[in-house]
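Undergrad: Each position in the sequence shown, counted from 1, maps to that position plus 114 in our numbering.
Here it is, the structure in full.
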Amino acid sequence: MKIFIKTFGCRTNIYDSELLKSYITKANILVDDENSADIIVVNSCTVTNGADSDVRNYINRLNALNKKVILTGCGASSQGAKLLNHNKISGVFGASYKHKINDFLKNEKFFELGELDYKENEIIKGFERHSKGFIKIQEGCDFSCSYCIIPSVRGKARSLDERLILNQAQILIQNGFSELVLTGTNIGSYGKDNNSSLAKLLKKISTINGLKRVRLGSLEPSQIDKEFKEILNESWLERHLHIALQHTSQTMLSLMRRANKAWRDKELFYELSELGFALGTDYIVAHPGESDEIFDEAVSNFKKLPITHLHGFIFSPREGTRSALMLENSPKINGKIAKERLKILKNISDLNNFKFRSKKPKLQVLCEKLDNDGYYSGFDQFYNKIKIKSNQNLSKKWVEISEYEVEFSNNVAKL
115 MKIFIKTFGC
125 RTNIYDSELL
135 KSYITKANIL
145 VDDENSADII
155 VVNSCTVTNG
165 ADSDVRNYIN
175 RLNALNKKVI
185 LTGCGASSQG
195 AKLLNHNKIS
205 GVFGASYKHK
215 INDFLKNEKF
225 FELGELDYKE
235 NEIIKGFERH
245 SKGFIKIQEG
255 CDFSCSYCII
265 PSVRGKARSL
275 DERLILNQAQ
285 ILIQNGFSEL
295 VLTGTNIGSY
305 GKDNNSSLAK
315 LLKKISTING
325 LKRVRLGSLE
335 PSQIDKEFKE
345 ILNESWLERH
355 LHIALQHTSQ
365 TMLSLMRRAN
375 KAWRDKELFY
385 ELSELGFALG
395 TDYIVAHPGE
405 SDEIFDEAVS
415 NFKKLPITHL
425 HGFIFSPREG
435 TRSALMLENS
445 PKINGKIAKE
455 RLKILKNISD
465 LNNFKFRSKK
475 PKLQVLCEKL
485 DNDGYYSGFD
495 QFYNKIKIKS
505 NQNLSKKWVE
515 ISEYEVEFSN
525 NVAKL
């Protein structure tokens with residue numbers, strides 16, 4: 115049978131899809147597109163209603179092509195049963211059952227979610243169509259943010275075995291992946307259950323010969339502790355950190371049951387900015403309780419932060435969460451207003467990013483691929499995109515760039 119694996123969502127899902135591929139036996143053939151496949155395995159995301167909708171729309175397209183569809187990933191828990199009962203898919207399996215994929219490919223009408231406390235112990239040797247190597251270091255999350263469904267589909271935080279992680283890093287570097295991306299549901303919680311820490315793990319990874327750069331998934335402000343700050347000037351650490359604030363009004367942070375405090379966030383971001391870091395964050399607008407006055411306060415605070423990258427969301431009520439229940443006593447914010455609020459924040463961060471890049475520091479870039487416009491694209495140490503015109507083959511190669519043009523959307527260079 116010909117199998118295609120479709121990935122939605124985050125870097126952790128990219129890793130999980132590659133792990134799924136590694137389990138597929140020779141009795142089946144992996145293909146590069148759904149049109150030539152007999153079976154499509156959908157590795158889903160469920161972080162927002164929009165993510166669920168994207169998955170459903172994709173499955174509907176496959177149904178129109180009379181394809182057999184199997185669902186896995188975070189959406190297996192949140193919408194798998196409904197899709198199965200409506201005959202949209204042939205089966206559902208949870209993340210802990212990835213190793214059973216060959217059996218599932220033969221089955222019809224199955225629903226196997228498995229356990230949420232599983233830990234993986236497999237090694238991935240490489241990633242197709244990626245210049246970077248991804249390493250999952252932990253699973254799950256112990257935070258209880260009022261809007262978030264992820265702990266209920268990924269489970270409690272648990273660290274993967276350190277020896278496994280270091281072995282994985284060694285193999286990926288040997289196979290040409292000199293930039294590693296550490297991923298997980300909440301990577302800053304790594305080590306809380308095995309007498310270690312993210313900083314300790316990073317120091318050990320950094321000793322592997324051939325490593326050039328490490329990128330990190332999202333961190334919580336409280337996870338940038340004294341021990342982590344000790345590695346901030348290491349040459350192998352990216353000069354960009356993504357720190358999830360979710361809001362800049364203390365009132366909203368309290369409603370969201372967030373652990374971070376607005377005034378501490380400000381101090382932390384100033385400190386990191388002084389060290390030369392580009393700083394990204396997640397942000398939710400139009401959450402229940404976000405009045406005009408509170409949003410104005412939040413914008414005022416947001417303007418004071420050196421945020422260069424924004425991953426913004428419009429609030430999406432997830433069934434069973436405290437935030438969804440708040441809608442019973444708090445009117446839903448108009449969609450047009452929500453989009454305007456998100457645009458205000460995006461414009462501020464985009465301008466901050468342009469000003470940051472206009473300082474024109476020397477860039478270390480890992481080129482990814484040649485795009486259709488004839489330019490190579492890649493990302494520098496600040497996680498800013500650059501397009502490079504060159505007659506050389508730069509795919510998956512490192513280049514240092516001193517001279518380039520700063521455009522509003524990205525940098526451009528000629529080599």
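Ideal Cβ positions, reconstructed from N, Cα and C, are used throughout, including at glycine.
Given the structure is predicted, the values throughout are model-derived calculations rather than measurements.
Out of 309, 175 and 331, state which residue places its alpha-carbon closest to the alpha-carbon of residue 129.
TA: Of the candidates 309, 175 and 331, the residue whose Cα lies closest to the Cα of residue 129 is 331.
Undergrad: Could you tell me which of 428, 464 and 287 sits nearest to residue 450, measuring between CA atoms?
TA: 428
Undergrad: Does the separation of the CB atoms of residue 319 and residue 294 fall below 8 Å?
TA: yes
Undergrad: Leaving out five residues before and five after residue 116 in sequence, what residues of the same chain have Cβ atoms less than 7 Å from its Cβ?
TA: Excluding sequence neighbours, residue 116 sits near 143, 145, 150, 151 and 152.
Undergrad: Kindly identify the DSSP beta-bridge partner or partners of residue 157.
TA: 121 and 186.
Undergrad: So what does DSSP say about residue 148, is it helix, strand or coil?
TA: helix
Undergrad: Give me whichever residues DSSP pairs with residue 412 in a beta bridge.
TA: BP columns for residue 412 are empty, so no partner.
Undergrad: Apply the 10 Å Cβ neighbour rule to residue 137 and answer buried if 16 or more other Cβ atoms are within range, or exposed otherwise.
TA: exposed
Undergrad: Is the region 397 to 414 touching the region 242 to 251 in the sense that three or more CB pairs, one from each, lie closer than 8 Å?
TA: no
Undergrad: What do you get for residue 290, buried or exposed, if any count of 16 or more other CB atoms within 10 angstroms of its CB means buried?
TA: Per the 10 Å Cβ criterion, exposed.
Undergrad: Between the region 204 to 223 and the region 171 to 187, can you find at least three pairs of beta-carbon atoms closer than 8 Å?
TA: Touching, per the Cβ criterion.
Undergrad: Between 349, 287, 159 and 300, which has its C-alpha nearest residue 322's C-alpha?
TA: 287
Undergrad: Quick check: does the Cβ of residue 298 come within less than 7 Å of any heavy atom belonging to the ligand NAD?
TA: Although the ligand NAD was asked about, the structure shown includes no ligands whatsoever.
Undergrad: According to DSSP, is residue 506 part of a helix, a strand, or is it coil?
TA: coil
Undergrad: Just the C-alpha distance for residue 164 and residue 324, rounded to the nearest angstrom, thanks.
TA: 40 Å
Undergrad: DSSP state of residue 377, grouped into three classes?
TA: helix
Undergrad: Can the beta-carbon of residue 285 be found less than 8 Å from the beta-carbon of residue 239?
TA: yes
Undergrad: What residue ranges within the region 254 to 298 form continuous beta strand (DSSP E) runs of no fewer than 3 residues, ordered along the chain?
TA: 293 to 297
Undergrad: State buried or exposed for residue 166, treating a residue as buried only when at least 16 other CB atoms are found within 10 Å of its CB.
TA: buried
Undergrad: How big is the Cα-Cα spacing for residue 282 and residue 357?
TA: 25 Å
Undergrad: So for residue 140, helix, strand or coil by DSSP?
TA: coil
Undergrad: Counting C-beta neighbours from all protein chains within 10 Å, is the total for residue 298 16 or more, i.e. buried, or is it exposed?
TA: buried
Undergrad: If you pair each beta-carbon of the region 493 to 502 with each one of the region 473 to 480, do three or more pairs fall below 8 Å?
TA: yes
Undergrad: Touching or not, the region 361 to 370 and the region 389 to 405, by the rule of three or more beta carbon pairs under 8 Å?
TA: yes
Undergrad: Return the first residue and the last residue of the beta strand (DSSP E) that residue 327 is part of.
TA: First-last of the beta strand (DSSP E) with residue 327: 327 to 330.
Undergrad: So what's residue 199 in DSSP terms, helix, strand or just coil?
TA: helix
Undergrad: Between residue 431 and residue 437, how many whole angstroms is the CB-CB distance? I'm expecting something under 8 Å.
TA: Indeed they touch by this definition, with Cβ atoms about 6 Å apart.
Undergrad: Who pairs with residue 491 in a beta bridge, going by DSSP?
TA: DSSP lists 483 and 501 as partners of residue 491.
Undergrad: Determine the contact status of residue 470 and residue 392, defining contact as a CB-CB distance below 8 Å.
TA: Their beta carbons are under 8 Å apart, which means residue 470 touches residue 392 by this criterion.
Undergrad: What whole-angstrom Cβ distance do residue 157 and residue 176 have, given they're in contact under 8 Å?
TA: Contact between residue 157 and residue 176 is absent: CB atoms are separated by about 14 Å, not below the 8 Å threshold.
Undergrad: Does DSSP classify residue 180 as helix, strand or coil?
TA: Here residue 180 sits in coil by DSSP.
Undergrad: So, at 8 Å on beta carbons, what are the nonlocal neighbours of residue 221 in its own chain, with the 5 sequence-adjacent residues on each side left out?
TA: 204 and 205
Undergrad: In three-state DSSP terms, what is residue 302?
TA: helix
Undergrad: Can you tell me whether DSSP reads residue 205 as helix, strand or coil?
TA: strand
Undergrad: Based on Cα-Cα distance, which residue from 383, 460, 483 and 292 lies nearest to residue 107?
TA: This structure leaves residue 107 out entirely; the chain is present only between 115 and 529.
Undergrad: Which term fits residue 247, buried or exposed, when burial requires 16 or more other beta carbons within 10 angstroms of its beta carbon?
TA: Looking at its Cβ environment, which holds 16 or more other Cβ atoms inside 10 Å, residue 247 is buried.
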